[in-house]
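End of the sequence shown sits at 493 in my numbering; the numbers just go up one at a time, nothing left out. A virtual CB, placed ideally from N, CA and C, is assigned to each residue, including glycine. Note that this is a predicted model, so its numbers are computed, not measured. Structure first, then comments.
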Amino acid sequence: LHYDYLGEHEVKNITRPVRVYRALMDNGVVKKKDTRPPVQGSRRNLWAVGLAAVLVVVAGASIWQFFLEPAPPPPVASKLSEKADPKMMALPLPDVPSIAVLPFVNMSDDPKQEFLCDGMTEAIITALSKVPAMFVIARNSTFVYKGKPVKVKQVSEELGVRYVLEGSLQRSADRLRITVQLIDALTGHHLWAERYDRDLKDIFALQDEITLKILTGVRVKLVGGDVSMAQKDADKYYQGKQGLDCYLRIMEAGGYAQRWSKEGCNLARQILEEATSMCSEIPSGYINLGWVYHHDYFLGNTTSPQETIDKGITQAQKALAIDSKSSAGHTLLCALYGIKRDYDKAHAEGEMAVALNPSDASALALYAESLNFAGKREEAIPLLQKSMRLNPFASAGQCNIFGWTLHFTGRYEEAVSWFKKATQRAPDFLYGHLGLAATYSKMGREDEARTEAAEILRIKPNFSLDFYNKTSALKDQSDKDRVIDALRKTGLK
């Protein structure tokens, strides 16, 4: 079957012109137009048939437009991008294949589909990070580029990776069009580019397909098993229309929780409570809900902080009762037990999380934090170094963890560097300014210490040293006393 392109035509209720093609029969030869006069009695029937056809097209076009019109071809695999320069890398290239998966671009008219794009991106990052022979940049660092016109060269040099994955997603009703391309930043070559037109229900199988194609592209072979495949999870947890609906709700809620705001947490909690009620056997629903309670605690979005932490622990335990090998579930428990100052449990959960997924930057950082709380700083530092390499644009909280760990080992200059990163990324982050004030005080840099003390009072006018003593999760009182003495010298009371 061949086609003859007839140009773009305006169609009612569609903002963009639609490409129109004529089907050609007989090996692509257009038959001569029939010049015989039509049979008189058939004109009305022809008009009716034509009108019906137009109505069908108009009714369906708004939903199926991008599937009916041929999409532009994917980029050619031999296409060149500007090469990255290894000498300009902010961080040295790892010895194994390294990749940054950029946030998928939402090509749908509906901005609410952002959560689906983010979910697809995160799923691929998570799957790749479980492959020992791969080095995968964490979500927090690649999402810095979300919504920005960034060059592959820049991403490669700033994150210190060889490969970059770009993608876009377009959804119409229950159909998806996803375009993906893998680029070798050092050579500038596009290793491969693919376009997938699939049903929404096939999203899990598609995640696996893309993940495996990436591994093939960077010449990584799976040995002794496979990636924790999305389709396996789908078969186990997301069966049928209701299961898919729960998956989409969990993805949407995750987007709200990532905002780190009271409003975002309230929306996320409502959606997740509905999702876990509908689908009670999905671990990720409980894990996401547990993180919402964690955020509520730090945002002051609760009248009973300890009860909120206990609720979070309950959610993590529900998830682990379903899947005891969930690295994410153990990571959540590590964070929550640390807040409760249950140091032994926090340590055990962090150790388990890292054992299950050694390339999870968050698990590494939170495990290191539990070690810092318990006074085991020399053990924590290598974990933090690995975490920060996986996550060069780490969150303010993770930079703060590294800052305090270095502070307690007397590495004050390095500690200042990490505290500054924390306050640059979150200017009103109280604990980052506390770290700077205490560290400057220890270094004898009194003016800078007092400037930070003023920032602390700006952020929290009722701050007191007693407040710090009661809320600090440090196990050893002597550690708290040293911080309090340093802060007192800045004028804080």
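Which listed residue (the options) has its alpha carbon closest to that of residue i
i    : options                   : result
T451 : L383, A437 and P94        : A437
S98  : N106, C117 and Y163       : Y163
S261 : Y297, Q242 and C279       : Y297
A253 : P103, F463, R425 and L116 : L116
V155 : R341, D85 and V218        : D85
F135 : R458, D95 and A365        : D95
A257 : D118, W404, L406 and D184 : D118
N400 : L165, Y412, L320 and A422 : A422
H295 : L371, L186 and I313       : I313
S496 : A361, L206, Y468 and I178 : Only positions 1 to 493 of the chain appear in the structure, and residue 496 is not among them; the question remains open.
S81  : A138, D184 and P103       : D184
L406 : P392, R389, G435 and Q424 : G435
L93  : I137, I124 and Y286       : I137
M214 : Q242, K146, V131 and L186 : According to the sequence as given, residue 214 is Ile; it is not Met. Residue V131 is the option with its Cα nearest to I214.
A380 : P392, W404 and S359       : W404
L212 : S284, T303 and A127       : A127
L244 : I282, A486 and L299       : I282
I178 : L165, P149 and H190       : L165
A123 : K489, E369, N469 and A328 : A328
R139 : R377, I125 and G255       : I125
T187 : R219, E194, Y196 and V152 : V152
K167 : Q242, L206 and L102       : The identity of residue 167 in the sequence shown is Gly, whereas the question assumes Lys. Minimum Cα distance to G167 is reached at L102.
S464 : D479, S284 and K493       : K493
T439 : K148, Y367, F467 and K489 : K489
F373 : F143, R195, R341 and L91  : R341
L333 : I322, A346 and A321       : A346
R503 : T121, A133 and F408       : Since the first residue shown for the chain is 1 and the last is 493, residue 503 is missing from the structure and cannot be characterised.
S370 : N391, Y343 and G300       : Y343
E349 : A365, M251 and T331       : T331
L390 : H190, L364 and A321       : L364
C279 : T303, R249, N266 and T409 : R249
I456 : N469, H433, Y286 and L336 : H433
Outcome for residue i when other beta-carbon atoms lying within 10 angstroms are tallied against a minimum of 16
i    : result
F419 : buried
D199 : exposed
F204 : buried
N462 : exposed
M88  : exposed
H9   : The predicted position of H9 is uncertain, since its pLDDT is 47 and thus under 50; a value taken from the coordinates is nonetheless stated next. H9 is exposed by the Cβ-count criterion.
G264 : buried
L176 : buried
A355 : exposed
T471 : exposed
D208 : buried
P382 : exposed
G338 : buried
P149 : exposed
F467 : exposed
R269 : buried
D481 : exposed
S277 : exposed
P73  : Any reading at P73 needs caution, since the residue's pLDDT is 40, under 50, leaving its predicted position unreliable; the model's value is listed next. Result: exposed.
R458 : exposed
Q181 : buried
L487 : buried
D485 : exposed
D323 : buried
G491 : exposed
K311 : buried
V56  : Bear in mind that the predicted position of V56 carries a pLDDT of just 41, short of 50, making it unreliable; the figure below should be weighed with that in mind. So V56 counts as exposed.
V483 : buried
E114 : buried
Bridge partners - residue i, DSSP secondary structure assignment
i    : result
D197 : R177
Q170 : R177
Y163 : I99 and D184
N106 : L169
W192 : L182
V136 : I99
Whether or not the segment 419-436 and the segment 388-401 are in contact is what I'm after, with contact meaning three or more pairs of Cβ atoms, one per stretch, closer than 8 Å; do they touch? Enough Cβ pairs lie closer than 8 Å, so yes.
Would you check if the segment 279-292 and the segment 147-160 touch, i.e. whether three or more CB-CB distances between them fall below 8 Å? The answer is no - the segment 279-292 does not touch the segment 147-160, with fewer than three Cβ pairs under 8 Å.
Report yes or no: do three or more beta-carbon pairs, one from the segment 104-111 and one from the segment 168-175, lie closer than 8 Å? Flag = yes, the segment 104-111 and the segment 168-175 touch.
Taking three-plus beta-carbon pairs below 8 Å as touching, is the segment 468-479 in contact with the segment 445-459? At 8 Å Cβ cutoff, the stretches do not touch.
Continuous alpha helix (DSSP H) assignments of at least 4 residues falling wholly in the segment 257-316: If we require 4 residues or more, the alpha helix (DSSP H) runs fully inside the segment 257-316 come out as 262-278 and 283-299.
Alpha helix (DSSP H) segments (min. 4 residues) lying fully within the segment 353-389: Within the segment 353-389, the complete alpha helix (DSSP H) runs of at least 4 residues are 361-373.
Segments assigned alpha helix (DSSP H), at least 4 residues, entirely inside the segment 420-453: Fully enclosed alpha helix (DSSP H) runs of 4 or longer: 430-443.
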